[in-house]
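*Asks:* Quick note: the sequence shown, position 130, residue 130 per full-length UniProt numbering, numbers continuous.
Dropping a structure here in structure tokens format, bear with me for questions.
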Amino acid sequence: MAMMTTETNGREAPRPLDEAAAATAAACLFRGMADPSRMAILQHLLLGEHRVVDLTAHLGLAQSTVSKHLACLRGCGLVTSRPVGRSSLYAVAHPEAVTRVLAAAEGLLAATGDAVVLCPSSGAAAERTG
């Protein structure tokens, strides 16, 4: 059974979650990271705070594209921002957790090899042949 935590008396206590709700929450989280540009932004933000202009320069993406992806990542709770002058600095909201997820993904990719890349329903195969 999936477990989530809730804060009780300053401590987190596990509470059971409905399996369908847990699956939906996980799918939403992974959908937020399911874009190569969003993954690149997350990885860059793990290095430290960045402004949109910094990310556009580092990643070679348009400002509107970076802003759109940052809005998605903020909506998923993966990224935070704070105002600095006329711009905002963006950072990973939970760097240790994101690092663990990315490490787990690398491990799973190493274990599955090309199976994920070649999976016709993953979208990656269609992008290469389209």
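Even glycine gets a Cβ: it sits at the ideal position worked out from N, Cα and C.
1. Using beta-carbon positions only, say whether L29 and C76 come within less than 8 Å of one another.
2. On a Cα-Cα basis, can you pick out the residue from A26, S121, G85 and L102 that is closest to A40?
3. According to DSSP, which residues form a beta bridge with R82?
4. For the alpha helix (DSSP H) that G32 lies in, which residues bound it at each end?
5. If you draw a straight line from the alpha carbon of P120 to that of L42, how long is it in whole angstroms?
6. S67 lies in the alpha helix (DSSP H); which residues open and close that run?
7. Grouping DSSP H, G and I as helix and E and B as strand, with all else coil, what is H94?
8. Suppose the cutoff is 6 Å on Cβ atoms and the five residues either side in sequence are ignored; what does the same chain contact list for S88 look like?
9. So L46 is in the alpha helix (DSSP H); what residue range does that whole segment cover?
*Replies:* On the basis of the coordinates in this document:
1. For the purposes of this step, residue 29 is taken as residue 29 along the sequence shown, with counting starting at 1. For the purposes of this step, residue 76 is taken as residue 76 along the sequence shown, with counting starting at 1. The criterion of a C-beta distance shorter than 8 Å is satisfied by L29 and C76.
2. Mapped onto the sequence shown, residue 40 falls at position 40. Checked all of A26, S121, G85 and L102; the closest Cα to A40 is L102.
3. Start at 1 with the first residue of the sequence shown, and residue 82 comes out as number 82. DSSP lists L89 as the bridge partner or partners of R82.
4. Counted from its first residue, the sequence shown places residue 32 at position 32. From DSSP, the alpha helix (DSSP H) with G32 extends over E19 to G32.
5. Residue mapping note: residue 120 aligns to position 120 of the sequence shown, counting from 1. Residue mapping note: residue 42 aligns to position 42 of the sequence shown, counting from 1. A straight-line Cα-Cα distance of about 26 Å links P120 and L42.
6. The residue given as residue 67 occupies position 67 in the sequence shown. In this chain, the alpha helix (DSSP H) harbouring S67 covers Q63 to G75.
7. Looking up residue 94 in the sequence shown gives position 94. Here H94 sits in coil by DSSP.
8. What you label residue 88 is simply residue 88 of the sequence shown in a count that begins at 1. In the same chain as S88, and ignoring 5 residues on each side of it, the C-beta atoms closer than 6 Å to its own belong to S81, in chain order.
9. The residue you call residue 46 lines up with position 46 of the sequence shown. Going by DSSP, L46 is part of no alpha helix (DSSP H) at all; its letter is neither H nor E.
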